[in-house]
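Residue numbers (the numbering used here): 921 to 1378. We treat Cβ as the ideally placed atom computed from N, Cα and C, and that holds for glycine. These numbers were taken from a predicted model, which means no experiment stands behind them. This report refers to the structure that appears directly beneath it.
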Amino acid sequence: MQTMWAGRFEKKLDAKVNDFNSSISFDARMYAQDIKGSLAHAAMLCAQSILTIEEYKAINDGLCAILEELENGTLAFDPTAEDIHMFVEAELTKRIGAPGKKLHTARSRNDQVALDLRMLLMDEAGAVSDMLLSLEEVLLKKADEYAETVMPGYTHLQRAQPITFGHHLMAYASMFARDLDRLADCKERTAVSPLGACALAGTTYDTDRYMTAETLGFDEPCANSLDGVSDRDFVIEFLSALAVIMMHLSRFSEEIILWCSWEFKFVELDDAYATGSSIMPQKKNPDVAELIRGKTGRVYGDLLAMLTVMKGLPLAYNKDMQEDKEAVFDALDTVKLCLPVFTKMLGTMTVLSENMRAAAAKGFINATDCADYLTKKGVPFRDAYKITGQLVGYGVKKGKTLEEMTLDEYASFSDVFDADIYDAIDLAACVNKRTSYGGTAPDSVYDQITRMRKRLNL
Ligand code: ARG
């Protein structure tokens, strides 16, 4: 095809270079944003008397028809076009002639592409947020259901202190709530319109950048034209918000993978969310969780790719920046693929409360409570800690848990021990007593759920 700049060049563009240079195969995804941006631009040009009403009407009708036909599939993208912006403009000019050639007045593809991508990411931030909210809904429901289920809490993957499963789930609910904040925050900085920055320096036309910004749902126009076309930090911020979401999903997936193993058996995945083995008949594999953990790497890769693309670029626009779209689309598609399956997998998962509780009964998980018992009876914490350590050492040797030791055995380590030690180390009591703000006691978990529902409007 004839390039837009054929006047300046003596030769046609090499076909392979055209393919290499072209971005329509992936930026066609922004067609709706591109056309809406052009509609707003044309309306502004008309309001500022840069276009006549007739020209504006022709442009407006032409663009609306193109949008409709692309939407219903009657118009196909031209794969030889350089990008979506060139395609729409060429298609418009083919249809309406001379006025089509005026659309690009006081604009450049440099501000156009930045505009389109900002618009798309603002929409997508909303779509990802909706998915996160669905996940939160499932988490809150399950946390409520298992607010009293005792399980081992771990540090270093060693049994540490008993907690409730509801508390464990609410930890993730808090993480995903911050992910929602991050998206909202990033959306706020993305809502600054670059349209009208033109190629890099602004324009000699009397344009109204506030008008286009407002029409397109932006808070304001960007204050510096060079910044408007050069910066991609909104893409990097969005990518890092996505990377953090994946990091959270991946940690949670890792736990689910562990919990599914015979060594833990804390949960059982629904048959619809697990796979079998082609050779080992006994296997039920947590493929979904593993794939999410695996896909986290590619989203990190997308973030790193963009940080690297941008790090050495002189102002203003450089073609390197065309790489932004594939990276951010890939990350976006990955997150949007993972979130709903993860939510469904979690929602349908069976919790094996008995196994959780049985695991919590082993491993001297109530040792801190034993030390606290002594402390509350006046023994300095360091001494109480030492006495309890000796008791644990004794129990390991004898194959006895703290609950199984007799009062005489206790007495041989300290005469402070009384029959009420058994109440103090009872697992349910250990959990129920941790009512400090944000603690693991069921009452505290119910309180966390109420606050989270309020915060998320759920
Ligand atoms: N396809 C280009 C991109 O994605 C659009 C902007 C091109 N501008 C230019 N001056 N070559 O970045």
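With distances taken between CA atoms, L1224 lies nearest to V1155 out of S1181, V1155, A1119 and T1013. Each residue's CA atom was taken as its position, placing A960 and D1031 some 14 Å apart. Membership of A1080 in the beta strand (DSSP E) is indicated by the continuous run Q1078 to T1084. Distance from L1023 to A962 at the Cβ level is roughly 6 Å; contact confirmed, criterion being Cβ atoms closer than 8 Å. Minimum Cα-Cα distance from E1009 among the listed residues T1124, M924 and I1199 corresponds to M924. Under the DSSP assignment, P1260 falls outside any beta strand (DSSP E), being part of the alpha helix (DSSP H) whose first and last residues are E1243 to T1268. Annotation: M950 to A1093 spans about 33 Å, alpha carbon to alpha carbon.
Relative to G1313, the option among A1339, G1283 and D1289 whose CA is nearest is G1283. Boundaries of the alpha helix (DSSP H) harbouring V1155: D1153 to C1180, taken from the DSSP string.
A check of alpha carbon separations from Y1237 across A985, L1055, C1118 and T1110 identifies C1118 as the nearest.
Annotation: Y1357 to D1338 spans about 30 Å, alpha carbon to alpha carbon. In the three-state reduction of the DSSP assignment, V1112 falls in the strand class, which pools E and B.
Taking every protein chain shown into account, the CB of H1088 has 16 or more other CB atoms within 10 angstroms, so this residue is buried. For N1205, the three-state secondary structure derived from DSSP is strand.
From the listed residues L1055, Y1342, E1056 and T1084, the smallest Cα separation to R1354 is found for T1084. Note on geometry: alpha-carbon atoms of R1302 and V1271 lie some 38 Å from one another. Counting of Cβ neighbours within 10 angstroms places Y1330 among the buried residues, the total reaching 16 or more. Placement of the Cβ of V1229 at a distance of 7 Å or more from every heavy atom of the ligand ARG is found. The DSSP assignment places 973 to 992 and 1004 to 1016 as complete runs of the alpha helix (DSSP H) inside the region 956 to 1018, in order along the chain (cut-off: 4 residues). Taking V1336 as reference, the option from R1027, V1365 and D1292 with the minimal CA-CA separation is D1292.
Shown here, T1326 sits in coil according to DSSP, grouped into three states, outside any helix or strand. Each residue's CA atom was taken as its position, placing K1239 and E1274 some 59 Å apart.
The distance from the Cβ of T1069 to that of G1046 is about 35 Å, inconsistent with a contact at the 8 Å cut-off. One thing to note: L1322 has its Cβ no nearer than 8 Å to the Cβ of N1352. Taking the Cα of M1167 as reference, the smallest distance to any Cα among T1025, L1259, S943 and F1186 is reached at L1259. If you check the C-beta of D1101 against the ligand ARG, you find no heavy atom less than 7 Å away. Shortest gap from the CB of V1351 to any heavy atom of the ligand ARG: 7 Å or more. The criterion of a C-beta distance shorter than 8 Å is satisfied by L1162 and A1251. Between the ligand ARG and the CB of R1029, the shortest heavy atom gap is smaller than 7 Å.
F1007 is the residue among T1000, I979, F1007 and E1002 whose C-alpha sits nearest the C-alpha of L990. Straight-line spacing of the CA atoms in D1328 and C1290 works out to 16 Å. For G1148, the enclosing alpha helix (DSSP H) stretches over residues S1145 to S1150. The three-state reading of DSSP puts P1234 in coil, since its state is none of H, G, I, E or B. Residue environment: V937 is assigned as exposed (fewer than 16 neighbouring CB atoms within 10 Å of its CB, all protein chains considered).
In this structure, the C-beta of V937 stays at least 7 Å away from each heavy atom of the ligand ARG.
Per DSSP, Y1074 is one residue of the beta strand (DSSP E) stretching across V1070 to T1075.
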